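Chemist: Residues in the sequence shown are numbered from 268 upward in steps of one, following the numbering used here.
Before anything else, here's the structure in question.
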Amino acid sequence: MNVTLWVEGEAFRLKLEEGKPGFFRISLNDRTHDVSAEFINPEEVLLNVDGRVFNVTINSGAEAHSVFVNGHAFQVARKASSGMEEQERGRAKKKEVSASMPGRVAQVLAAEGDEVREGQPVLVLEAMKMQNEIKAPRSGILRRLSVRAGATVEAGAMLFAVE
């Protein structure tokens with residue numbers, strides 16, 4: 268099976284080859300991985316990817332799914348939502364980060380105007396009793412920090428932008 272998945276607005280080509288029950292070979296953007304899956308319940312699975320174990324929780328939505336991988340939140344859709352490709356092109360220079368699900372801002376770790384590095388935690392979002400570090404998607408200057416500690420945010424709310 269071949270499919271394109273949109274993760275946080277970025278397209279990933281996925282090829283899935285099923286083996287014996289619970290075992291798969293997955294090619295993701297031309298890199299191949301051996302994967303086994305053990306379902307804990309219908310929404311939670313332990314994935315072993317090339318010997319590394321990931322706890323994955325999936326909260327299904329109408330058009331997209333909130334996926335937590337070892338506590339890190341991602342918004343995943345099987346196809347681009349209307350305008351997603353155009354939005355991504357517009358965000359290429361100024362990368363905006365939105366909440367993938369509703370939650371409460373537990374902690375803000377950087378200030379507007381700070382220089383941040385790609386992968387640096389900017390804030391902690393508490394959702395479904397889990398604390399998730401929301402990281403800078405690229406290196407640059409933190410702009411438009413739209414939240415403060417203690418604030419409640421809805422899914423899709425803009426949290427910050429990095430230029």
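From the three backbone atoms N, C-alpha and C, an ideal C-beta is built for every residue, glycine too.
Keep in mind the model is a prediction, meaning the values are calculated, not measured.
#1: Check for me: the beta strand (DSSP E) holding VAL364 runs from which residue to which?
#2: Quick one, are the C-beta atoms of ALA428 and ARG410 less than 8 Å apart?
#3: Once the 5 residues before and after GLU353 are set aside, which same chain residues still bring their CB inside 8 Å of it?
#4: Under a three-way DSSP split, which group does ALA394 fall into?
#5: Taking its Cβ as the centre, do 16 or more other Cβ atoms sit within 10 Å of ASN337, making it buried, or is it exposed?
#6: Would you mind giving the Cβ-Cβ distance between ALA366 and LEU426, rounded to the nearest angstrom? I have them listed as a contact below 8 Å.
#7: Beta strand (DSSP E) containing GLY318: first to last residue?
#8: Which residues in the same chain as ALA278 place their Cβ atom closer than 7 Å to its Cβ, once the five residues preceding and following it in sequence are excluded?
#9: Within 10 angstroms of its Cβ, does LYS362 collect 16 or more other Cβ (buried), or is it exposed?
#10: Kindly indicate the opening and closing residues of the beta strand (DSSP E) around GLN387.
#11: Spatial neighbours of ALA301 within its chain, please: CB distance less than 7 Å, with the 5 preceding and 5 following residues excluded, ordered by chain position.
#12: GLY357: buried (16+ other C-beta within 10 angstroms of its C-beta) or exposed?
#13: Could you tell me which residues DSSP puts in a beta bridge with SER303?
#14: On the three-state DSSP scale, how would you describe LEU376?
#15: Should ALA416 be labelled buried (16 or more other beta-carbon atoms within 10 Å of its own) or exposed?
Modeler: Quick look at the numbers:
#1: By 1-based counting over the sequence shown, the position of residue 364 is 97. In the DSSP assignment, VAL364 falls within the beta strand (DSSP E) that extends over 362-365.
#2: As a first step, residue 428 is located in the sequence shown; it is residue number 161 there, counting from the start. As a first step, residue 410 is located in the sequence shown; it is residue number 143 there, counting from the start. Result yes, Cβ atoms of ALA428 and ARG410 sit closer than 8 Å.
#3: What you label residue 353 is simply residue 86 of the sequence shown in a count that begins at 1. The predicted model places GLU353 with a pLDDT of 45, which falls under 50 and marks its position as unreliable; any figure quoted below should be read in that light. So the list is empty, once near-sequence residues are dropped.
#4: On the sequence shown, residue 394 is found 127 positions in, with the first residue counted as 1. Of the three classes helix, strand and coil, the one that applies to ALA394 here is strand, per DSSP.
#5: For the purposes of this step, residue 337 is taken as residue 70 along the sequence shown, with counting starting at 1. ASN337 comes out exposed.
#6: Here the question's residue 366 lines up with position 99 in the sequence shown. Here the question's residue 426 lines up with position 159 in the sequence shown. Rounded, the Cβ-Cβ distance is 6 Å, consistent with contact.
#7: Within the sequence shown, the letter at position 51 stands for residue 318. It is not in any beta strand (DSSP E) - GLY318 carries neither H nor E in the DSSP assignment.
#8: Within the sequence shown, the letter at position 11 stands for residue 278. Once the five neighbours on either side are set aside, the close Cβ partners of ALA278 are THR271.
#9: Residue mapping note: residue 362 aligns to position 95 of the sequence shown, counting from 1. With 16 or more other Cβ atoms within 10 Å, it is buried.
#10: Along the sequence shown, read from residue 1 onward, the residue named residue 387 stands at position 120. Premise fails: GLN387 is in no beta strand (DSSP E) and is neither H nor E.
#11: Position 34 of the sequence shown, counted from the first residue, corresponds to residue 301. The sequence given here has Asp at residue 301, not Ala. If we look at ASP301 and ignore the five residues flanking it on each side, its Cβ neighbours are ARG292 and ASP317.
#12: Indexing the sequence shown from 1 puts residue 357 at position 90. The predicted model places GLY357 with a pLDDT of 46, which falls under 50 and marks its position as unreliable; any figure quoted below should be read in that light. By the 10 Å Cβ count, GLY357 comes out exposed.
#13: Along the sequence shown, read from residue 1 onward, the residue named residue 303 stands at position 36. Answer is PHE290 and ASN315, bridged to SER303.
#14: Residue numbering aside, residue 376 sits at position 109 when the sequence shown is read from its first letter. LEU376 falls in the coil class under three-state DSSP.
#15: Taking the first residue of the sequence shown as 1, we reach residue 416 at position 149. Classification for ALA416: exposed.
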